[in-house]
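K.L.:
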Ligand code: PRP
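In my numbering, the protein residues as written are 1 to 184.
1. Who are the Cβ neighbours of residue 75 in its own chain at under 7 Å, not counting the five residues just before and after it?
2. Out of curiosity, what's the CA-to-CA distance linking residue 35 and residue 139?
3. Just to check, is the beta-carbon of residue 158 closer than 7 Å to a non-hydrogen atom of the ligand PRP?
4. Rounded C-beta distance between residue 68 and residue 50? I'm assuming under 8 Å.
5. Would you say residue 110 touches the ligand PRP, meaning its beta carbon is less than 7 Å from a heavy atom?
6. When DSSP builds the beta bridges, which residues end up paired with residue 42?
7. Would you call the region 39-49 and the region 94-107 touching, i.e. three or more CB-CB distances under 8 Å?
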């Protein structure tokens with residue numbers, strides 16, 4: 001039987017490190033939003049589903065969760081450069097909401113930069129961003145998330161929500177995919 005863990009070249013962030021990172025960020029959010037009356041964690045599907053669920057379990061302040069889906073990549077490893085809203089946030093109380101956008105990764109920065117502008121234009125009370133992984137060497141727009149798990153080199157990573165052609169999201173760690181998997 002084929003084991004898809006065999007497609008991983010190296011583990012970049014272990015389960016233990018992911019646990020430590022999510023605890024540290026949850027503490028920062030607990031502290032920074034202690035006075036917020038309406039914190040909404042905005043999970044950007046699909047990549048941030050595992051990060052968001054682990055993070056929200058570790059918060060001790062009241063929060064809600066909501067979802068958007070945007071697409072910035074075509075299939076494979078190449079970014080299209082466009083940001084399209086596939087599923088919009090559907091709520092009328094945005095002016096009362098402190099929105100914290102949760103992403104698995106910042107690469108070019110286009111997605112989060114676009115989302116911050118979009119949510120502010122829609123009238124959110126405040127908008128901040130949180131990304132588990134940051135690839136600063138890939139940035140094409142000037143953007144810095146408010147909360148970052150860790151910086152990583154420019155390698156094609158999968159696992160803990162991140163995919164290659166919709167697979168590997170369920171790996172419990174973040175790993176570098178063997179090039180022969182996507183060069184086939
Ligand atoms: C990935 C990731 C971010 C975006 C980051 O999403 O989840 O949303 O790309 O790239 P950027 O900084 O260059 O904009 P993707 O479009 O692969 O969708 P997915 O989350 O459904 O896998």
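Quick reminder that beta carbons are idealized off the backbone N, C-alpha and C, glycines included.
P.N.:
Put simply:
1. Legend: pLDDT at residue 75 = 46, less than 50; position of this residue unreliable, value from coordinates given subsequently. Only 165 meet the Cβ criterion.
2. 33 Å
3. no
4. The pair is not a contact, with the Cβ atoms about 16 Å apart (cut-off 8 Å).
5. The ligand PRP approaches residue 110 closely enough that one of its heavy atoms is under 7 Å from the residue's Cβ.
6. 66, 101
7. yes
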